[in-house]
Amino acid sequence: MNLKPLYILLLLVLASCGGTKKITTIEDASAKEVISAHKAVAPDFKTLAGRVQLVYETDEKLQSITVSLRMEKDKNIWIKASVLGITIAKVLITPTSVSYYETVGNTYFEGDFALLGEWIGTPINFQQAQNMLLGQSIFTLNPSEYKAEVFQNKFKIQPKQQPQNFIHSLFLNPENFKIALETLSQPNADRLLSIRYGEYQEIEGQYFPTTILIDTSEKGSKTKIEMNFKKIDLNANVSFPFEIPQGYEEIQLN
């Protein structure tokens with residue numbers, strides 16, 4: 001396979017990021033340069049409004065729902081889930097809390113990120129949830145602690161020394177430095193998280209996912225989430241209406 005066009009594209013993108021030394025081939029890219037390029041392509045916006053088709057599958061159920069997604073960067077993630085045009089649930093996530101109610105069982109939850117972790121199948125906080133939706137690493141990447149190599153025409157980033165019982169790997173697309181695949185394995189806890197991204201769409205000069213596939217497993221229990229983004233609008237005037245209806249019963253997590 002002729003990778004010369006890929007090398008040229010890589011040079012152009014890295015040059016636009018600034019502060020990087022000249023790279024002659026994809027194999028010459030250091031972890032510092034690749035990580036810097038990945039951070040540089042993090043979307044910059046005030047608000048985001050999107051429509052998502054979501055398939056949620058666990059060992060007990062399979063459900064396809066339509067989701068209205070709104071984000072105020074670093075402040076709010078708002079989700080309205082519908083089936084056949086009927087609202088079945090609303091979620092409001094802030095950096096400090098998760099609030100949720102569903103109309104089928106008339107239940108609600110207000111508290112920390114335990115519920116969000118239960119949905120995803122692995123512990124997660126606000127910044128990680130936001131990054132996951134935007135195609136950015138869910139972990140802070142310190143260049144001095146990571147190494148880079150080329151694997152199947154993608155940048156593979158992983159810690160120089162993997163912490164005990166914590167195996168993290170990141171695969172980036174060389175054409176845009178967005179994530180193709182991110183995995184986290186915790187063998188002692190029998191826990192695995194895999195986040196795979198399909199093609200990216202360019203909106204106002206920035207890259208956003210079109211498809212996100214999340215697979216988690218913990219002690220034999222599996223969760224699969226497939227998100228297909230149908231529409232994304234940036235910096236529109238959006239609101240985040242959320243009010244728990246009267247008479248709903250609070251969910252208590254163990």
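Using the UniProt record's numbering, you'd call the opening residue of the sequence shown number 1 and step up by one each time. Using N, Cα and C, we set each Cβ at its ideal position, and we do this for glycine too. The structure displayed is predicted, hence computed values, not measured ones.
Endpoints, the beta strand (DSSP E) within which residue i is located
i: residue 53; result: 47-58
i: residue 79; result: 76-83
i: residue 154; result: 154-159
i: residue 194; result: 191-197
i: residue 89; result: 86-93
i: residue 238; result: Taken as a continuous stretch (DSSP letters only), residue 238 belongs to no beta strand (DSSP E), as it is neither H nor E.
i: residue 97; result: Taken as a continuous stretch (DSSP letters only), residue 97 belongs to no beta strand (DSSP E), as it is neither H nor E.
Straight-line Cα distance separating residue j from residue i
i: residue 244; j: residue 31; result: 46 Å
i: residue 111; j: residue 29; result: 43 Å
i: residue 195; j: residue 134; result: 12 Å
i: residue 24; j: residue 72; result: Residue placement at residue 24 is poorly supported in this model, since its pLDDT is 41, which falls under 50; the coordinates are not used for a value here.
i: residue 156; j: residue 250; result: 44 Å
i: residue 34; j: residue 108; result: 43 Å
i: residue 70; j: residue 167; result: 32 Å
i: residue 241; j: residue 148; result: 43 Å
i: residue 248; j: residue 234; result: 34 Å
i: residue 191; j: residue 48; result: 32 Å
i: residue 77; j: residue 99; result: 11 Å
i: residue 228; j: residue 210; result: 6 Å
i: residue 127; j: residue 84; result: 31 Å
i: residue 144; j: residue 106; result: 49 Å
i: residue 213; j: residue 199; result: 12 Å
i: residue 165; j: residue 184; result: 10 Å
i: residue 223; j: residue 238; result: 31 Å
i: residue 262; j: residue 246; result: Absent from the structure is residue 262, since the part of the chain shown begins at 1 and ends at 254.
i: residue 54; j: residue 197; result: 14 Å
Cβ neighbours of residue i in the same chain (closer than 7 Å, five flanking residues each side left out)
i: residue 173; result: 154, 180
i: residue 139; result: 168
i: residue 231; result: 50, 51
Nonlocal neighbours in the same chain, by C-beta distance under 6 Å from residue i, ignoring five residues either side
i: residue 136; result: 42
i: residue 56; result: 63, 225
i: residue 177; result: 37, 38, 41
i: residue 13; result: Note that residue 13 scores 36 on pLDDT, short of 50, meaning its location in the model is unreliable and no value can be drawn from it.
i: residue 217; result: 192
i: residue 151; result: none
i: residue 131; result: 138
i: residue 44; result: none
i: residue 171; result: 154, 156, 180, 181
The alpha helix (DSSP H) enclosing residue i, as first and last residue numbers
i: residue 131; result: 126-134
i: residue 33; result: 31-40
Status (buried if at least 16 other CB within 10 Å, exposed otherwise) for residue i
i: residue 87; result: exposed
i: residue 95; result: exposed
i: residue 208; result: buried
i: residue 22; result: In this prediction, residue 22 scores a pLDDT of 37, lower than 50, which makes its location untrustworthy; the coordinate-derived value is nonetheless stated afterwards. Exposed is the call here.
i: residue 182; result: buried
i: residue 89; result: buried
i: residue 91; result: buried
i: residue 104; result: exposed
i: residue 81; result: buried
Residues bridged to residue i (per DSSP)
i: residue 180; result: In the DSSP output, where bridge partners are listed per residue, residue 180 has none listed.
i: residue 166; result: Beta-bridge pairing links residue 166 to no other residue.
i: residue 207; result: 202
i: residue 228; result: 53, 211
i: residue 146; result: 159
i: residue 141; result: Paired residue(s): none; residue 141 is not in a bridge.
i: residue 249; result: 107
i: residue 65; result: 54
i: residue 219; result: For residue 219, which the question treats as bridged, DSSP gives no partner whatsoever.
i: residue 233; result: 49
i: residue 72; result: 47, 76
CB contact below 7 Å: residue i versus chain D
i: residue 186; result: The structure shown has no chain D; it contains just one protein chain.
Beta-carbon contacts of residue i that lie in its chain and below 8 Å, excluding the five residues immediately before and after
i: residue 220; result: 190
i: residue 124; result: 113, 116, 117, 132, 138
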